[in-house]
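Numbering (the numbering used here), first residue to last: 17 to 378.
We treat Cβ as the ideally placed atom computed from N, Cα and C, and that holds for glycine.
All values derive from a computational prediction rather than experimental measurement.
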Amino acid sequence: MPVVIPPADPAGLPAPAWLLQILLVFTFILHILAMNLLAGGTTIMAISLRKGKDSPFHAELAKRLSKALPVTMSLTITLGIAPLLFVQVLYGQAFYTASVLMAWPWLSVIALVLLAYYGLYLVQFRPDWLGRWVTTIAWLSAIFILLVGLLYTHNATLTLAPEKWATLYAASAAGLHMNWSEPTLVPRYLHFMVAAFAVCGLGIALLGLLARKRGDSWGEEAVRYGARWFIGATLVQLAVGLWFLFSLPGNFMQSFIGGNMVNTLILWLGVVAAVLAMLMVNRSVLAAVLLTVAAVTLMSITRHTLRQMYLSPHLDVNAIPVNPQWAMFAIFAVLLVIGLAVVGWMVWQFYKSGEPQKATTV
Ligand code: HEM
């Protein structure tokens with residue numbers, strides 16, 4: 017069957033392709049960091065709710081996570097919309113085709129996200145009402161969130177496979193296709209989800225640091241517990257990452273192991289940053305956070321390079337005509353900066369609330 021590619025949007029790109037690609041990768045990094053805290057956090061909360069019956073440390077961790085997770089969910093969704101806009105505008109021909117092929121599973125993302133969100137709210141606000149079902153509801157939210165991630169990986173890998181589209185559509189137009197036959201699917205998905213536990217471990221260590229500053233003895237154990245998740249998951253990631261790399265088509269893999277110096281350097285600097293973060297986390301959580309953000313950034317650039325490799329024989333974003341809409345773009349840029357400033361302010365307030373209370377005289 018020949019490769020069939022839908023035509024590009026005749027409206028063209030609203031800004032140069034290079035600028036849209038930078039914004040796509042930047043906003044994807046923000047989305048994926050929030051997603052990591054959400055996916056890892058919900059699962060760890062479910063584990064802690066169970067363990068909390070015998071351990072005051074876990075009972076407290078579950079309580080604190082239950083307060084943070086609904087906000088993390090809304091951040092994940094909001095920060096997902098920005099890369100969604102850029103993916104649609106740059107790779108719409110591929111992204112929409114994949115979405116049509118897997119229409120029903122893809123639409124189920126909305127239901128799964130809503131149900132997971134309700135679950136998180138119930139665990140936060142109605143734990144007494146849920147009684148012994150609270151752990152089950154937390155697990156259901158965790159499973160739904162992990163499923164959403166899996167559906168995203170199905171979509172992302174199907175987007176990168178133009179040679180499959182016509183055959184799949186000819187086989188059935190019912191919108192029920194998935195991408196199970198794809199050899200990179202499982203390692204790619206695990207690569208994201210194992211990272212979620214590592215990043216969330218760091219988040220717990222940070223919560224611990226804040227509590228320790230406040231003189232709260234829970235903090236000491238939280239720093240150690242979070243660091244253990246971070247180190248354990250990053251060790252697993254070394255194996256999963258290699259699996260993912262070796263599951264790639266030979267010529268793509270070659271390009272990351274010396275075939276192309278820039279690609280090789282970006283990927284392996286990311287790995288070095290993650291290993292350094294693992295070595296540093298017991299000495300300085302903040303250094304580990306900075307190194308991890310660097311690792312996620314380098315990995316996200318690698319992911320984008322890989323997408324270009326897969327799609328370049330069929331689609332070239334740099335060849336799509338550009339009809340700049342600078343006024344729209346300026347509005348977007350201003351709102352993005354304001355939005356990020358508000359999130360930064362929220363995080364700062366949260367951080368300040370962890371500082372020891374200053375003595376006041378009446
Ligand atoms: C709440 C649960 C969510 C989880 C667990 C999740 C997870 C993921 C994962 C794992 C990927 C990477 C897939 C891959 O490359 O293999 C991804 C990509 C993406 N997500 Fe999410 N996501 C969630 C919600 C959302 C929502 C609600 C939106 C949009 C409003 C969104 C927008 C995106 C976009 C646009 C990408 C692809 C960006 C690109 O290709 O560069 N996500 N997500």
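- Just so you know, the alpha carbons of Ser233 and Val210 end up roughly 29 Å apart.
- Taking 7 Å as the cut-off, the C-beta of Tyr168 counts as close to a heavy atom of the ligand HEM.
- Shortest Cα-Cα distance from Thr92 to any of Ala249, Leu49, Leu281 involves Leu49.
- From the listed residues Ala24, Val41, Ala33, Asp25, the smallest Cα separation to Arg319 is found for Val41.
- For Arg323, the number of other beta carbons within 10 angstroms of its own is at least 16, and it is reported as buried.
- By a beta-carbon distance limit of 8 Å, Met294 does not contact Phe260. Their separation comes to about 18 Å.
- Leu192 carries a coil assignment under DSSP once its states are collapsed to helix, strand and coil.
- Contact check between the stretch 174-182 and the stretch 326-333: three or more CB pairs, one atom from each, fall below 8 Å, which counts as touching.
- Residue pairing from DSSP leaves Leu352 without any beta-bridge partner.
- At least one heavy atom of the ligand HEM sits closer than 7 Å to the Cβ of Ala55.
- One alpha carbon belongs to Glu76, the other to Asp70, and they sit about 12 Å apart.
- Classified as buried, Tyr326 has 16 or more neighbouring CB atoms from the shown chains inside 10 Å of its CB.
- Three or more beta-carbon pairs drawn from the stretch 305-316 and the stretch 211-231 are found closer than 8 Å, and the two stretches are therefore classed as touching.
- Relative to the ligand HEM, Ala172 has its C-beta within less than 7 Å of a heavy atom.
- Annotated three-state conformation of Leu285 is helix, per DSSP.
- About 4 Å separates the beta carbons of Ala311 and Ala289, which is inside the 8 Å limit, making them a contact pair.
- Note: Leu106 is not bridge-paired with any residue in the DSSP secondary-structure output.
- Our two residues, Gly355 and Val363, have alpha carbons roughly 13 Å apart in a direct line.
- Taking C-beta atoms as the reference points, Ile347 and Cys216 fail to come closer than 8 Å.
- Short note on Thr92: C-beta closer than 7 Å to some heavy atom of the ligand HEM.
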